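The structure appears right after this line, and notes come after that.
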């Protein structure tokens with residue numbers, strides 16, 4: 026994975042290369058010439074917000090399970106707070122597809138294509154139908170199943186009940202977006218993109234090493250802890266080896282001299298594995314405390 030600045034716009038944006046896919050991000054707007062007040066980062070589904078005061082900008086992140094409530098001017102539980110409207114749909118990093126606006130009861134929907142967003146209003150007495158991907162008179166607007174993301178990692182997940190045609194995005198246990206691939210395409214569970222159905226295998230693959238484990242770094246017991254691997258979305262994505270006779274210590278997440286490490290199997294974990302805090306790096310570039 027690489028992160029590359031875009032010099033054509035004076036470094037105000039950058040793109041990340043991941044898995045052969047280019048994801049473009051724009052830096053937050055400067056606080057200069059902005060009025061004092063609170064500005065919500067809708068790209069984080071209202072989890073992150075900024076306060077401008079005399080030209081200075083301060084960044085805040087709501088605690089887990091809460092989002093910023095613009096009416097109450099504080100973070101409230103996501104189960105009773107809605108991040109309103111399609112202003113929360115930012116197509117950067119999302120699959121090309123159709124996204125109904127549930128805050129309008131599906132009277133409005135968005136279309137993400139190549140990172141750009143177009144919004145459409147359905148004619149009177151019609152709603153957006155996720156099956157036909159058009160506005161229909163007999164369409165029903167489904168309720169968001171917010172429990173879908175409980176226990177799931179951050180990222181894009183296929184809806185296997187729909188044959189991978191539908192998908193949803195999870196962020197810190199919250200369902201933030203729900204969409205459908207264009208006609209003739211399915212969500213590829215491997216790369217999180219909508220691709221022609223002939224290229225997609227819609228099946229839940231199980232990785233024995235990472236099944237049921239949260240994202241993090243784990244010792245490879247088959248090597249006597251001389252190696253360690255990374256689990257991401259319950260898949261083993263990479264393996265690395267400690268130098269010399271060092272062994273991987275699960276408590277510190279580091280390779281240490283073998284005399285300091287007791288290599289035990291999964292069933293004897295006493296300390297939780299070292300986890301990734303992936304949310305704090307979403308759409309950000311730099312060093313943060």
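Residue numbers (the working numbering): 26 to 314.
Where is the CB? At the ideal position from N, CA and C, for every residue including glycine.
As the structure is a computational prediction, the values presented were derived from the model and not from experiment.
In its own chain, which residues sit with a C-beta less than 7 Å from the C-beta of residue i, not counting the 5 before and 5 after it?
i           : result
residue 264 : 245, 252, 254
residue 221 : 209, 210
residue 296 : Bear in mind that the predicted position of residue 296 carries a pLDDT of just 47, short of 50, making it too unreliable to give a figure here.
residue 169 : 127, 200, 203
residue 91  : 100, 101, 102, 103
residue 162 : 150, 151
Using beta-carbon positions only, say whether residue i and residue j come within less than 7 Å of one another.
i           : j           : result
residue 206 : residue 122 : yes
residue 125 : residue 145 : no
residue 175 : residue 198 : yes
residue 119 : residue 147 : no
Expressed to the nearest angstrom, what Euclidean distance is found between the alpha-carbon atoms of residue i and residue j?
i           : j           : result
residue 80  : residue 74  : 16 Å
residue 285 : residue 225 : 46 Å
residue 186 : residue 85  : 37 Å
residue 233 : residue 83  : 43 Å
residue 164 : residue 279 : 54 Å
residue 77  : residue 140 : 28 Å
residue 96  : residue 157 : 36 Å
residue 129 : residue 229 : 33 Å
residue 260 : residue 172 : 22 Å
residue 247 : residue 223 : 37 Å
residue 167 : residue 281 : 52 Å
residue 177 : residue 149 : 38 Å
residue 231 : residue 60  : 51 Å
residue 262 : residue 237 : 15 Å
residue 243 : residue 133 : 45 Å
How close, in whole Å, do the beta carbons of residue i and residue j come, if the pair is a contact with beta carbons under 8 Å?
i           : j           : result
residue 214 : residue 239 : In fact, because the Cβ distance is near 18 Å, the residues do not count as touching under 8 Å.
residue 235 : residue 256 : 4 Å
residue 241 : residue 288 : Their Cβ separation, rounded to whole angstroms, is 17 Å, which puts residue 241 and residue 288 out of contact at 8 Å.
residue 142 : residue 160 : Actually they are not in contact, since the Cβ atoms of residue 142 and residue 160 sit about 18 Å apart, beyond 8 Å.
residue 98  : residue 65  : Their Cβ separation, rounded to whole angstroms, is 11 Å, which puts residue 98 and residue 65 out of contact at 8 Å.
Go through its chain and collect everything with a Cβ distance to residue i's Cβ below 6 Å, but skip five positions before and after it.
i           : result
residue 212 : 183, 189, 192, 206, 219
residue 194 : 181, 201, 202
residue 270 : 283
residue 131 : 125, 152, 153, 166
residue 155 : 205
Closer than 8 Å by C-beta to residue i: which residues in its own chain qualify, once you throw out the five before and the five after it? Chain order, please.
i          : result
residue 88 : 100
Problem - Continuous beta strand (DSSP E) assignments of at least 3 residues falling wholly in the region 166-212 - result: 180-183, 191-196, 199-205, 210-212
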